[in-house]
Amino acid sequence: MPEQSAAGEFESFFVATAPQVRRYAHRMVDAASVDDIVSETFTLVWQRWVDVPTEEAPRRAWTFRVAHHRVQHWYEAKQRDVRLNRRLAPVRTDVADHAADVTDEADVAAVLALLPPAEREAMWLVVCVGLTPKDAAFVLDCSASALTTRLSRARQRLTVILADRVAQEVNR
């Protein structure tokens with residue numbers, strides 16, 4: 246079988262990986278920004294294709310690291326918008342608290358949404374995406390030790406959250 250061209254190899258990688266990156270972005274940013282995150286991620290991956298690892302697992306980790314950085318930029322932009330809005334208009338006090346809506350959801354995404362962002366992202370990458378802790382640490386640009394600490398804290402929080410939910414169901 247002849248060796249694939251760079252474009253063909255990238256296309257195959259994109260087809261295999263884009264749905265996972267899309268799910269990751271969907272859990273990290275608002276729905277309106279998901280396509281932007283995915284598009285920016287794969288644009289950067291293609292631009293740096295010669296620098297991307299050739300083995301599958303490191304290549305996926307490298308791509309998720311790019312996606313992670315795109316998500317971080319998205320959060321930074323949102324924070325700038327918030328600061329600007331605070332300077333331009335008085336802070337509204339009548340904004341509804343949607344936390345109750347999130348806790349009513351019984352699916353994994355809703356439970357993970359209750360975790361702090363760093364722990365949620367670590368859990369998502371390891372449990373839902375299937376990266377190894379080492380690869381997830383690479384994606385998040387932290388040590389494997391820091392990643393396992395995040396996972397441990399997330400598991401502890403999830404244990405409490407799920408125990409509370411079970412207790413609420415029993416008391417109904």
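Each residue of the sequence shown is one higher than the one before, starting from 246 at the first, in our numbering. Ideal Cβ placement from N, Cα and C applies to all residues, glycine included. Please read these numbers as outputs of a predicted model, since none were measured by experiment.
For residue i and residue j, I'd like the C-alpha separation in whole angstroms.
{"i": "Val297", "j": "Trp307", "result": "7 angstroms"}
{"i": "Val435", "j": "Gln401", "result": "This structure cannot settle anything about residue 435, because the visible part of the chain is limited to 246 through 417."}
{"i": "Asp275", "j": "His314", "result": "16 angstroms"}
{"i": "Trp291", "j": "Leu403", "result": "37 angstroms"}
{"i": "Leu392", "j": "Cys373", "result": "15 angstroms"}
{"i": "Val311", "j": "Ile282", "result": "10 angstroms"}
{"i": "Ala302", "j": "Leu360", "result": "26 angstroms"}
{"i": "Lys379", "j": "Ala412", "result": "35 angstroms"}
{"i": "Arg417", "j": "Asp409", "result": "12 angstroms"}
{"i": "Met368", "j": "Leu357", "result": "8 angstroms"}
The alpha helix (DSSP H) with residue i in it runs from where to where?
{"i": "Glu300", "result": "Per DSSP, Glu300 belongs to no alpha helix (DSSP H) and is neither H nor E."}
{"i": "Gln413", "result": "389–415"}
{"i": "Ala363", "result": "362–368"}
Under a three-way DSSP split, which group does residue i fall into?
{"i": "Thr377", "result": "coil"}
{"i": "Leu357", "result": "helix"}
{"i": "Val281", "result": "Reading off the sequence shown, one finds Asp at residue 281, where the question assumed Val. Looking at Asp281 - three-state DSSP - the assignment turns out to be helix."}
{"i": "Ser250", "result": "coil"}
{"i": "Val274", "result": "coil"}
{"i": "Asp339", "result": "A caution first: Asp339 carries a pLDDT of 45, below 50, which makes its placement in the model too unreliable to give a value."}
{"i": "Asp349", "result": "Caution applies to Asp349, whose pLDDT of 42 falls short of 50 and renders its modelled position unreliable; the model cannot decide the point."}
{"i": "Arg267", "result": "helix"}
{"i": "Asp326", "result": "helix"}
Going by the beta-carbon positions, is the gap between residue i and residue j smaller than 8 angstroms?
{"i": "Phe309", "j": "Val384", "result": "yes"}
{"i": "Val316", "j": "Ala270", "result": "yes"}
{"i": "Glu366", "j": "Arg398", "result": "no"}
{"i": "Ala381", "j": "Leu370", "result": "yes"}
{"i": "Trp319", "j": "Ala251", "result": "no"}
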